[in-house]
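Participant:
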Amino acid sequence: MTCWSEGGAECGVEEYAMRIRKYASLEVHFVKEAQDLLPKAEGHRKVVLDERGKLFTTEGLWEELRRWEGERVAFLVGGAEGYSEGVREGADLLLSLSPLTLQHELALLVLMEQLYRILTLRAGHPYHRP
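Per UniProt numbering, the very first residue in the sequence shown carries number 1; after that it's consecutive.
1) Considering just the uninterrupted stretch of the alpha helix (DSSP H) at Lys-54, what are its terminal residues?
2) In terms of residue numbering, what span does the alpha helix (DSSP H) encompassing Leu-95 cover?
3) Taking the straight line between their C-alpha atoms, what separation do you get for Tyr-23 and Gly-60?
4) For Gly-90, does the three-state DSSP call read helix, strand or coil?
5) Measure the C-alpha to C-alpha separation of Glu-10 and Phe-75 and round it to an integer number of angstroms.
6) Hey, how far is the Cα of Gly-12 from the Cα of Leu-109?
7) Quick one, which of Ala-123, Leu-37, Leu-95 and Pro-99 has its alpha-carbon nearest Leu-49's?
8) Residues in its own chain within less than 6 Å of Ile-118 by CB, not counting five upstream and five downstream?
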């Protein structure tokens, strides 16, 4: 894979999307405005990334997501301006990747790596080494 982009995280997101699709169906949607997030996630469990959300270990997040196995899950990552309280209030889970505020493209990359890690853990693949 060759990726030429000014957005440094974009190449990593594409790489992990390709890896994830070996284990699960995945769609990545980018929206211009935060208010467009909820309509895109209609009919899905909603996991909203927020530095004030719940922190998990990789294994803990796997256990949390297993409760929804077989359901459609949307992970919502806010843009530079974040999102409204309405998006947070509509969440099934507020998830923090770190107590730090992360730039949205970096947060997406970290999320994608963790989802891949969880899927390989579930499949018994040695990618995750506790």
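Here a beta-carbon is modelled for each residue, glycine too, at the ideal position from N, C-alpha and C. Keep in mind the model is a prediction, meaning the values are calculated, not measured.
Facilitator: With the structure as the only source:
1) As a working note, residue 54 is residue 54 in the sequence shown. Per DSSP, Lys-54 belongs to no alpha helix (DSSP H); it is in the beta strand (DSSP E), 45 to 55.
2) Along the sequence shown, read from residue 1 onward, the residue named residue 95 stands at position 95. Element bounds for Leu-95: not the alpha helix (DSSP H) but the beta strand (DSSP E), 93 to 96.
3) Residue mapping note: residue 23 aligns to position 23 of the sequence shown, counting from 1. Residue mapping note: residue 60 aligns to position 60 of the sequence shown, counting from 1. Looking at the two C-alpha atoms, the distance is approximately 19 Å.
4) Counting from 1 along the sequence shown, the entry for residue 90 is found at position 90. Three-state result, Gly-90: coil.
5) As a working mapping, residue 10 is identified with position 10 in the sequence shown. As a working mapping, residue 75 is identified with position 75 in the sequence shown. When rounded, the distance between both Cα atoms is 17 Å.
6) Here the question's residue 12 lines up with position 12 in the sequence shown. Here the question's residue 109 lines up with position 109 in the sequence shown. Rounded to whole angstroms, Gly-12 to Leu-109 spans 6 Å at the Cα level.
7) Here the question's residue 49 lines up with position 49 in the sequence shown. Taking only the C-alpha atoms, the option nearest Leu-49 is Leu-95.
8) Taking the sequence shown and counting its residues from 1, the one referred to as residue 118 is at position 118. The residues are Trp-62.
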